[in-house]
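What follows is a single structure, written as structure tokens, with notes after it.
So this is what it looks like as structure tokens:
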């Protein structure tokens, strides 16, 4: 039942990505580590890994897992975020740059997904309210202002009013 719900909710590529990311989990002395799945994860990011990177990654993963399992500082870690922090503290990101790149991609994924979902949610709200009566360019401009409102909050309204007043003579002052 639960497996069916997961299959309905996530695409095959998303499920594959989640399984690959779970192989980076440091809990239980890297019990879930699987070199083949981590190499498959690189296929989902072709812009980030060249064919020569894949050959180097294969060797890096072998030495990485032995290093991590026999290092007391890494055996107590519970999540991927603390693993990345500990790697930086011990300068292991320099020793294993491709493994660290996989970690960064795994850590960025939830943030990127949330940002995309927020954007689509905003687009649905705006599109529903305006009932498709607007052009695509105007909608894109409106969505940027809505989605990036944290950035736009820093801009003073008086500056915007002054900008429009200087563009063209108007009957009334804004």
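In UniProt numbering, the protein residues as written are 1 to 174. Think of the CB as a built atom: it goes at the ideal place given N, C-alpha and C, for glycine as much as any other residue. Keep in mind the model is a prediction, meaning the values are calculated, not measured.
In three-state DSSP terms, what is residue i?
{"i": "residue 46", "result": "coil"}
{"i": "residue 156", "result": "coil"}
{"i": "residue 16", "result": "helix"}
{"i": "residue 104", "result": "helix"}
{"i": "residue 149", "result": "helix"}
{"i": "residue 35", "result": "helix"}
{"i": "residue 77", "result": "coil"}
Output the boundary residues of the alpha helix (DSSP H) element that contains residue i.
{"i": "residue 92", "result": "92 to 95"}
{"i": "residue 51", "result": "51 to 69"}
{"i": "residue 28", "result": "27 to 30"}
{"i": "residue 24", "result": "Unbroken run through residue 24: none, as it is neither H nor E."}
{"i": "residue 83", "result": "80 to 89"}
Looking only at its chain, what residues have a beta carbon closer than 7 Å to the beta carbon of residue i, apart from the 5 residues adjacent to it on each side?
{"i": "residue 60", "result": "96, 98 and 99"}
{"i": "residue 86", "result": "73, 74 and 77"}
{"i": "residue 90", "result": "73"}
{"i": "residue 93", "result": "87 and 100"}
Give every residue of the same chain whose Cβ lies closer than 8 Å to the Cβ of residue i, excluding the five residues on either side of it in the sequence, and list them in chain order.
{"i": "residue 21", "result": "41, 80, 106 and 109"}
{"i": "residue 44", "result": "13, 16, 17 and 20"}
{"i": "residue 39", "result": "54, 57, 58 and 61"}
{"i": "residue 65", "result": "30, 33 and 35"}
{"i": "residue 103", "result": "24, 80, 83, 84 and 87"}
{"i": "residue 145", "result": "152"}
Who are the Cβ neighbours of residue i in its own chain at under 6 Å, not counting the five residues just before and after it?
{"i": "residue 68", "result": "30 and 74"}
{"i": "residue 49", "result": "42"}
{"i": "residue 27", "result": "78"}
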